[in-house]
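Residue numbers for the sequence shown follow the UniProt record's numbering, beginning at 1 and rising by one. All residues carry an ideal CB built from backbone N, CA and C; glycine is no exception.
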Amino acid sequence: MPSADPPSQVPPLQAKSSIEVNTEASATVKEAQQAEAEEELHLPVDLHQIKLISVALKEAALDSPSFRASVAHLHNQLMTTEKWILALRLSLTKIPKQVKELQSYVDSFLEYMTPQSLLDGLVDQEYTQTAMNAIFDGLRMIWDISLGLLNFSIPRLETTKDHIIERIALYQTYKMRYDVAQANYDKFLQIHMATLKLKDPALIMEDLLQLFNVRKEYLNASLDLILELNQVIDQVNNRLVRFIYLMWHQKMERFGSHPIVTQLLGDVWNHLKKISSWCDHHRSSVGKLHKDMEAARKQIQESTIATFFPSGDINDYRSSLISGAVLSLYPESAVEKHGYLFMKTYVEKSTKPVWVPRWAFLQGGVFGLLELSPSGTAVQETDKIGVLICNTKYTPNEERRFCFELKTIDTTLVFQAETVQELSLWLKVFENVKMRITDSTDPMSSLLGIASNRYPPLMNEFASTVNTSTDKQLTNSKIINKEGQIITSSKLSTHLIKNQKLFQTFIYSQVTKIRLPFFTEYSRSALIAYSFAGSTVVPTALSANIWGSLNWGVYYLHDDTIDRGAKEPEFSPEDIFTKQIGQGIMVPSNYPDTLLASEIQLRALFEAEVDGDECCLLSFHCLWSPNSNQELRSTAFITHKHFYFYLHSLGFVSLCKIPIDQIVEASCVLKKTYDYVKVFRVNGLMKLKIFLDEGILIAQKINGIVENCTSNNPLDVCGLINKLKDIERDYELKKEELMHMAQNKASTNEASSFQIDRNPHDPTPRFRVDFSDDMYHLCQYTIKLPPKAVFHILFGAKSHVLDASYPVVSVKYITKGSWMKVPGNDRGLYRDFLSALVYHNGKTDTVTVRQEIEDMSDNEYYCCKALRSMFKFGMVTFEIKSRIVIIATEGGNSRILYYALIDFDRKNIINPILKNLFKTFQLSFANGIYRRLEKTSLVIGSHGQIAKAIYLYGKIPVAETPYVVPKPNPTKLNIDTLFRLMARGTAGSIWRKAKEFVYFVIRTTQAFFSSLSMHMFLVSVIFVLGLMNVFFMGRSTVTYWQAKNAKGLMLDVIHNEPMVMERAIYLKEVQELIKKQHVTGDNSTCFQIFQNQSFVANYDQALAWKLRYEDDIARTVATNLRKTLREIGIRRNELIVSLQMLNQLEEEVAKGEWHNWLLDELEKCSYLTNPPNDEQEVLKEIKLMYADGVDQLLAFCDCCSQEMAQIKQEE
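If you want it as structure tokens, here you go:
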């Protein structure tokens, strides 16, 4: 948007303080520190999700000007394509005849080249004639190849033409239905909007229901047409690619073996094979999206129908109930609004107002209109009016319903909303925007300058050309704002004329090589216009001809982008971006012209999402596989800060923006018809298939950008551009070298060396590793990480690995200094800490630590020394020093050596004890570092290890401002801490001895098996087999005796008399009888002991009562008593069983008597109910004479029948 305000300046870099202060160190406990360290080991969850947006369907549901313009434009394109196919077919059918005539002429010409009359002696037969024959053969070969290549397969062309024409004819049926539905909708909508206020609300409701049905039919036709357009466009493109591929395939089969054809057309044929492969992959991926598109269509249709369903409240149609006060009470908090409004205007030679639909928007603090061009194939725009220079209010005096007025100092506009709800929304959103912009505490207050002015269209070519009075009043090419500044529209044509050569060479042919979300007549011009106009945060005609009513990709991008905190710019764009494209976008001075088209595409698609200090450094087209089931057509744009992805497949569109620091590595594998590139993220993987670009070169450039991002001294954009140019130059040199080798028939295996080493190393220098002369060598470990990754894990700006590795105590810094350069040492750095030591009892002490990098070679060698402030125990003061050496080993791993030293200020008898304790302390510290490094290596994985380590633990920032960390007094240690160190050392020693023993056993076993010869191996096998035979023989013997014993037992069971199980029944009352025999009461101690040991009182428990009797006589008596008690119980059981049997017999007798009596009574009753034939008359007379008595007898018989039925049921 043109603006009178000066462009916003990037704030200058603020000098960072070299000291970071932590005010919560005194409250730190070890558990919190360890939790913090563990938390950093987790890679960030990949929250990014690709949201496929059906832009065309959304715009169709809105019926926006962009939708109508796109449909009209694509229809014209399809009609033009149909005519072109017919004309192409007509032209190609003439070629065979013309080729045949040319062949006849060539034959005549070649015969004339070697006349027979010259063979009789004048022409030398040995040399001259040979030369003439050579010319004849060469020309014959050239003409045969040329004429053969000119021939085309007419049947294949006819098939392609028929398929395309049939497909377009099917599309036209959808288009005719759409045209009819659109005409009906426009007609009914105009009639409804023209309804006067005085009309009966009930009739208005009926009209609105009719309009709703018409609108629903139009919506259905629009959505069907969009789906059909997507399919017909894809199928036309697929057919054309297929025809071209088959045409060339036929020619290459005929002439491909000829060296001339291979040399001249080999690259063209390989290019066509890759395009055909892309077409096949894309067609397969699009086929998987049809169900998703149908689901999106259904969802959009249902939600749109629900939105436009007319209100059932008749008061919503009564204009007399509407007032400004009522409308202001509408609950709405939105600050953006889009939709159709009917605008009151006038046409020439007419005094009667006309109401025309206009797409209105209120966004970014401005109000504007978008409208169809007079041709109906493009979108144009009017001026944009800031909300602070206009007033809106409800206008009850208009003859139409639901109108409001927008008034500026020189313009009065009247708009009509479709419903009272829409009217309330527009007025409320205007009020909300004004309120928030004028509130200095609101983030929208930054729009104060924009909302206080009026702006003409960005480009004259996109300004409204509709010939009505209000449209003309709203469309200006020059505006003077309230500050007196002149704001003018730019002319794209002027801009292009000034840079004609640049655009013709690098932009025109490249910038349109991308499938835009929307295509209108102005889409190509709008795309090019972004090279001059730049990006805005509000809808314009430029974005409307590319994206629609709003940039849907950016709208949903905010939901996907993970905000990792605002970062200060690494440089000032004004210092780097000094090259201007005409009067348009700014790029670095060394920016390649070949990337200008990609830069324009990036700005047009992502608009304001692209930072001012970014420019496109790499761009390519690909198929992106976000999962195993989908491959989406994508275009990637890479800057030094972000990885931008634009996806477009079958009408689905999406934008993705990934921070470059989340990219760790790229690799490429060459396939037959495409290059397979894997881009590894900090957490995740992007799989790309690249068909028309060099995948290896792209992977190398991505790695170059990532390396620059992870570098502690990153290059600026100009330096990065030069680095990418060097990568491309090295790649081309290597490629030419391989081609030259191939031409010289070099071994094909040499092509495998095509990968360029992106980390070239000098011959390995000699670094000092052994410091045992100065310090104690405590341990060394091997980590499956490169040295640079280990270095950043230990010493990165965000690392707490060293702090969390201390045993016994917790450590956290109070003041933390930045890295500084060591004077006189170009490869040396140092930094100071003032740390807090927190003991187990909560007591805290302070200690200073200086970490000094004595020497380093990038990703090869690092030597870091740590010096701590003085410690004091009793009368002894000492200082602890340590050194960590990191050196590269084979396979990209690292070897870490840990050294330590303790210096005492005086000799003392306890010095050896303290030395051993602190050696134990340092060894535990080193083991803690190793454990955390091992865990980190598992989390980081095998790809992009350095980049992931830098992402997780930070870079090594070097500050220029010197600083001083206060030096504390010597830290006093108590006996409790020393005891804990001793206990920790003892436990550590035991653990190490155990591990050494396990390792010894494993190594011994390995050595034994590795030293075995074949004879020894066979002897060992025989020995093992012998042991197995003895074992199985023993098992067989045991099984035999078990089976024999089981057999004997079964024979005894079969032949001997069966054992009778006896049951004894005892009485609980016996215990009460016993209690009555003692005279000392319930508190008698001896009776309680007896009761616990008695077999009578505890008959239901197994007691070792015999062991209680020491005397044999007493034990014999007790045994007899126990036997008698058991006999009594058994006898009682027998008596009870006999008694139960007698009771059961007696019960059966009683039941038998009852059953017999009932049978007898029922027999008598049967005589009464079914008398013999000869006695029926007598029985009737008796029933008449004694009716009451007969009824009682029948009731008695019925009772007997019921009792008998009950007995039978129980049986």
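Between the CA atoms of GLN851 and TYR806 - distance to the nearest angstrom: Stepping through the sequence shown from its first residue, residue 806 is reached at position 806. Stepping through the sequence shown from its first residue, residue 851 is reached at position 851. When rounded, the distance between both Cα atoms is 16 Å.
When you compare the CB positions of ILE145 and PHE255, do they come within less than 7 Å of one another, or not? As a working note, residue 145 is residue 145 in the sequence shown. As a working note, residue 255 is residue 255 in the sequence shown. The answer is yes: Cβ separation under 7 Å.
Are LEU1179 and PRO1171 close, meaning C-beta to C-beta below 7 Å? Locating residue 1179 in the sequence shown gives position 1179, counting from the first residue. Locating residue 1171 in the sequence shown gives position 1171, counting from the first residue. Yes, these two residues count as a Cβ contact at 7 Å.
In the DSSP assignment, find the unbroken alpha helix (DSSP H) run with PHE1196 in it and report its ends. Position 1196 of the sequence shown, counted from the first residue, corresponds to residue 1196. Run containing PHE1196: 1187-1210, per the alpha helix (DSSP H) assignment.
With H, G and I counted as helix, E and B as strand and the rest as coil, what does DSSP make of TYR862? Position 862 of the sequence shown, counting from 1, holds the residue named residue 862. In this structure, TYR862 counts as strand in the three-state DSSP scheme.
Decide if CYS668 is buried, meaning its Cβ has at least 16 other Cβ atoms within 10 Å, or exposed. Counting from 1 along the sequence shown, the entry for residue 668 is found at position 668. Buried, since its Cβ has 16 or more Cβ neighbours within 10 Å.
If you draw a straight line from the alpha carbon of ASN1132 to that of SER1094, how long is it in whole angstroms? Taking the first residue of the sequence shown as 1, we reach residue 1132 at position 1132. Taking the first residue of the sequence shown as 1, we reach residue 1094 at position 1094. The displayed chain sequence assigns Arg, not Asn, to residue 1132. So the two alpha carbons sit approximately 21 Å from each other.
Which residue spans inside the segment 194-279 form an unbroken alpha helix (DSSP H) run of at least 4? 201-255
Taking 6 Å as the limit between beta carbons, can you name the residues of its chain near ALA533, skipping five residues before and five after? Along the sequence shown, one-based indexing puts residue 533 at 533. Hits under 6 Å: LEU458.
If you draw a straight line from the C-alpha of PHE309 to the C-alpha of GLN662, how long is it? Counting from 1 along the sequence shown, the entry for residue 309 is found at position 309. Counting from 1 along the sequence shown, the entry for residue 662 is found at position 662. So the alpha carbons of these two residues sit roughly 47 Å apart.
Quick check: the segment 902-919 against the segment 867-887, are there 3 or more CB pairs under 8 Å? yes
Cβ separation of PHE791 and TYR862, assumed to be a contact under 8 Å, to the nearest whole Å: For the purposes of this step, residue 791 is taken as the residue at position 791 of the sequence shown. For the purposes of this step, residue 862 is taken as the residue at position 862 of the sequence shown. Contact flag correct, Cβ pair sits at about 5 Å.
By Cβ distance, which residues of its chain are closer than 8 Å to TYR999, with the 5 residues on each side in sequence left out? Walking along the sequence shown from the start, residue 999 turns up at place 999. Closer than 8 Å at the Cβ level, and outside the excluded window around TYR999, lies no residue.
Can you tell me the Cα-Cα spacing of SER222 and THR520, whole angstroms? For the purposes of this step, residue 222 is identified with residue 222 of the sequence shown, where counting begins at 1. For the purposes of this step, residue 520 is identified with residue 520 of the sequence shown, where counting begins at 1. Their Cα atoms are separated by approximately 17 Å.
Going by alpha carbons, who is nearest to ASN627 out of LEU685, THR441, ASP726 and GLY376? Position 627 of the sequence shown, counting from 1, holds the residue named residue 627. ASN627 has its Cα closest to that of LEU685, out of LEU685, THR441, ASP726 and GLY376.
Would you check if there are 3 or more beta carbon pairs closer than 8 Å linking the segment 380-398 to the segment 86-104? no
Which residues does DSSP pair with CYS668 in a beta bridge? The count along the sequence shown starts at 1 and reaches residue 668 at position 668. DSSP lists VAL677 as partners of CYS668.
Report all residues from its chain with a CB closer than 6 Å to the CB of residue 1230; omit the five preceding and five following residues, and keep chain order. Since the displayed the chain opens at 1 and closes at 1211, residue 1230 lies outside it and no answer follows.
Please report the Cβ distance between GLU371 and SER469, rounded to the nearest whole angstrom; I am assuming they are in contact, meaning their Cβ atoms lie under 8 Å. Counted from its first residue, the sequence shown places residue 371 at position 371. Counted from its first residue, the sequence shown places residue 469 at position 469. Not quite, the Cβ-Cβ distance comes to about 14 Å (not below 8 Å), so this is no contact.
Tell me, to the nearest whole angstrom, how far the beta carbon of VAL679 is from that of LEU688; I am working on the premise that it is less than 8 Å. Reading the sequence shown from its first residue, position 679 is the one you call residue 679. Reading the sequence shown from its first residue, position 688 is the one you call residue 688. Confirmed, about 7 Å.
Rounded to whole angstroms, what is the Cα-Cα separation between THR693 and CYS622? Reading the sequence shown from its first residue, position 693 is the one you call residue 693. Reading the sequence shown from its first residue, position 622 is the one you call residue 622. Correcting the residue type first, residue 693 is Asp in the shown sequence and not Thr. One C-alpha to the other measures close to 9 Å.
HIS73 lies in the beta strand (DSSP E); which residues open and close that run? For this step, residue 73 is matched to residue 73 along the sequence shown. Unbroken run through HIS73 is the alpha helix (DSSP H), 65-93; no beta strand (DSSP E).
Going by beta-carbon coordinates alone, are LEU147 and GLN103 separated by less than 7 Å? The residue given as residue 147 occupies position 147 in the sequence shown. The residue given as residue 103 occupies position 103 in the sequence shown. Going by C-beta atoms, LEU147 is nearer than 7 Å to GLN103.
I need the DSSP call for PHE518, collapsed to helix, strand or coil. One-based indexing of the sequence shown puts residue 518 at position 518. DSSP places PHE518 in coil when its eight states are reduced to three.
Local conformation of LEU527 per DSSP, three classes: Locating residue 527 in the sequence shown gives position 527, counting from the first residue. If DSSP states are grouped into helix, strand and coil, LEU527 belongs with the helices.
Presumed contact (8 Å Cβ cut-off) between TRP355 and PHE342, rounded CB distance: Looking up residue 355 in the sequence shown gives position 355. Looking up residue 342 in the sequence shown gives position 342. With 8 Å as the limit, TRP355 and PHE342 qualify as a contact, their Cβ atoms being about 4 Å apart.
When the distance is taken between beta carbons, is ILE233 closer than 7 Å to residue 1240? Examination of residue 1240 is not possible in this model, given that the chain is present from 1 through 1211 alone.
Rounded separation between LYS94 and ARG156 - CA only: Locating residue 94 in the sequence shown gives position 94, counting from the first residue. Locating residue 156 in the sequence shown gives position 156, counting from the first residue. Straight-line Cα distance between these residues: approximately 15 Å.
Excluding sequence positions up to five away, which residues of its chain have a Cβ less than 7 Å from the Cβ of HIS249? For the purposes of this step, residue 249 is taken as the residue at position 249 of the sequence shown. Cβ neighbours of HIS249 beyond the five flanking positions: none.
Within 10 Å of its beta-carbon, does residue 1215 have 16 or more other beta-carbons around it, so buried, or fewer, so exposed? The first residue shown for the chain is 1 and the last is 1211, placing residue 1215 beyond what the model contains.
Based on DSSP bridge pairs, tell me the residues matched to GLU879. Your numbering for residue 879 matches position 879 in the sequence shown. Paired residues: ASP903.
Three-state secondary structure (DSSP) at ASP185? Translated into the one-based positions of the sequence shown, residue 185 becomes position 185. Residue identity differs from the one stated: residue 185 is Tyr in this sequence, not Asp. Three-state DSSP puts TYR185 in a helix.
Determine the extent of the alpha helix (DSSP H) in which PHE506 is found, giving its start and end residues. For the purposes of this step, residue 506 is identified with residue 506 of the sequence shown, where counting begins at 1. Segment: none, PHE506 is in no alpha helix (DSSP H) and carries neither H nor E.
Under the three-state DSSP convention, the category THR1124 falls into: Within the sequence shown, numbered from 1, the residue matching residue 1124 stands at position 1124. Residue state, collapsed to three classes: helix.
Host alpha helix (DSSP H) of SER493 (start-end): Along the sequence shown, read from residue 1 onward, the residue named residue 493 stands at position 493. Counting along the chain, the alpha helix (DSSP H) containing SER493 begins and ends at 492-498.
On the three-state DSSP scale, how would you describe LEU102? For the purposes of this step, residue 102 is taken as the residue at position 102 of the sequence shown. In the structure shown, LEU102 sits in a helix (DSSP, three-state: H, G or I).
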